[in-house]
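Residue numbers (the numbering used here): 3 to 273.
We put the beta carbon where it would ideally sit given N, CA and C, even for glycine.
In this text, all values refer to a predicted model and were calculated from it rather than measured experimentally.
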């Protein structure tokens, strides 16, 4: 079904904006070419939560996919977040993503399920229909247990048995991978595979200040804003503009994030 190997690190980059809020395609090229040039990065997931995908127009979503595809020069696959609420809406979104050059799609649950749950069989139907319409290979997105959108084992087995689904993103324990820490995270994976747990723990401890400053905030949504500040600290972005309903962080947060990047010995990136 798919002609690429995802065993490794697949970060979810932000969508850079200009100071006035327009999509910054030059910054996408810098970010994508940097990530695509790192050994061990197996793909990029665009238009997800970190990528503010639901804050973009349909035309912008298509253009962002195309821009990231161009930025990696076909070295690694681009995976598009598919977030449409209705199944037919998501199916058409996936079709557009494939036409724009996406190699696969990360299919989000219908947003209403997070609060209200879903009817038996609805997730299976969603994956089946999206693949039938789009032909885009799909990654199953397992949401945390504290939502009503988390899938039972049988539901996941049913989806996996259908044509179109080839992988799963396990979000149950809030595992996060983000693109300012990529080289150390590659080393962390290598150390784990080599059973060098002492080194793996040392790398984990090295990155911990950054993880705390980005994601241990009042709202998880603030993580996207903090992530952009971290990319500024690394020299990849020039500012941390986001789109509403996201807002700037509180006074002093930028300095805190820059200090965490420094404490983790994450140097400026030479592009």
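Identity of the residues DSSP links to residue 141 by a beta bridge:
If you number the chain shown from 1, residue 141 lands on position 139. Answer is 108, 169, bridged to residue 141.
Between which two residues does the beta strand (DSSP E) containing residue 81 stretch?
Translated into the one-based positions of the chain shown, residue 81 becomes position 79. Run containing residue 81: 80-84, per the beta strand (DSSP E) assignment.
Classify residue 171 as buried or exposed, calling it buried when 16 or more other Cβ atoms lie within 10 Å of its own Cβ.
As a working note, residue 171 is residue 169 in the chain shown. So residue 171 counts as buried.
Could you pull out every unbroken alpha helix (DSSP H) segment of at least 4 residues lying fully inside the segment 113-158, listed in chain order?
115-118, 124-136
With 16 as the cutoff for other CB atoms within 10 Å, does residue 231 come out buried or exposed?
Numbered from 1 along the chain shown, position 229 holds the residue referred to as residue 231. With 16 or more Cβ atoms within 10 Å of its Cβ, residue 231 is classed as buried.
Using a Cβ-Cβ cutoff of less than 6 Å, which residues in the same chain neighbour residue 119 once the five nearest sequence positions on both sides are dropped?
Reading the chain shown from its first residue, position 117 is the one you call residue 119. For residue 119, where only same-chain residues beyond five positions count, the Cβ hits under 6 Å are 150.
Taking DSSP's pairing of strands, which residues face residue 70 in a bridge?
As a working note, residue 70 is residue 68 in the chain shown. Residue 70 pairs with nothing; no bridge assigned.
Please classify residue 269: is it buried, with 16 or more other beta-carbons within 10 angstroms of its beta-carbon, or exposed?
As a working note, residue 269 is residue 267 in the chain shown. By the neighbour-count rule (16 or more Cβ atoms within 10 Å), residue 269 is not buried but exposed.
Among 131, 145, 77, which has the Cα closest to the Cα of residue 167?
Here residue 167 refers to the residue found at position 165 of the chain shown. Of the candidates 131, 145, 77, the one whose C-alpha sits nearest the C-alpha of residue 167 is 131.
Nearest neighbour of residue 247, chosen from 55, 68, 42 [CA to CA]:
As a first step, residue 247 must be located in the chain shown, where it is residue number 245. Closest by alpha carbon: 55.
Hey, which unbroken runs of the alpha helix (DSSP H) at 4 residues or more fall wholly within the segment 192-265?
199-217, 224-235, 255-265
Beta-carbon within less than 6 Å of residue 50's beta-carbon, same chain only, minus the 5 sequence neighbours each way: which residues are those?
Position 48 of the chain shown, counted from the start, is the residue given in the question as residue 50. For residue 50, where only same-chain residues beyond five positions count, the Cβ hits under 6 Å are 14, 83.
Tell whether a beta-carbon distance below 8 Å holds between residue 162 and residue 142.
Indexing the chain shown from 1 puts residue 162 at position 160. Indexing the chain shown from 1 puts residue 142 at position 140. Yes, these two residues count as a Cβ contact at 8 Å.
Buried or exposed, going by whether 16 or more other CB atoms sit within 10 Å of the CB of residue 159?
Taking the first residue of the chain shown as position 1, residue 159 is located at position 157. Classification of residue 159: exposed, given that the 10 Å Cβ count is below 16.
If you check the beta carbons only, do residue 48 and residue 12 fall under 8 Å apart?
Within the chain shown, numbered from 1, the residue matching residue 48 stands at position 46. Within the chain shown, numbered from 1, the residue matching residue 12 stands at position 10. Taking 8 Å as the Cβ cut-off, residue 48 and residue 12 do not qualify as a contacting pair.
Going by the beta-carbon positions, is the gap between residue 188 and residue 67 smaller than 8 Å?
The residue labelled residue 188 in the question sits at position 186 within the chain shown. The residue labelled residue 67 in the question sits at position 65 within the chain shown. It is not a contact, given that the beta carbons lie outside the stated cut-off.
Do the CB positions of residue 102 and residue 136 come within less than 8 Å of each other?
Here residue 102 corresponds to residue number 100 of the chain shown, with the count starting at 1. Here residue 136 corresponds to residue number 134 of the chain shown, with the count starting at 1. No, Cβ-Cβ distance for residue 102 and residue 136 is not below 8 Å.
Pull up the distance between the alpha-carbon of residue 264 and that of residue 134, whole angstroms please.
Position 262 of the chain shown, counted from the first residue, corresponds to residue 264. Position 132 of the chain shown, counted from the first residue, corresponds to residue 134. Going from the Cα of residue 264 to the Cα of residue 134 covers about 48 Å.
I need the boundaries of the beta strand (DSSP E) containing residue 49, first residue and last residue.
Here residue 49 refers to the residue found at position 47 of the chain shown. Here residue 49 belongs to no beta strand (DSSP E), and DSSP marks it neither H nor E.
Would you check if the distance between the CB atom of residue 34 and the CB atom of residue 70 is smaller than 8 Å?
The residue you call residue 34 lines up with position 32 of the chain shown. The residue you call residue 70 lines up with position 68 of the chain shown. Against a cut-off of 8 Å, the Cβ pair of residue 70 and residue 34 comes out as a contact.
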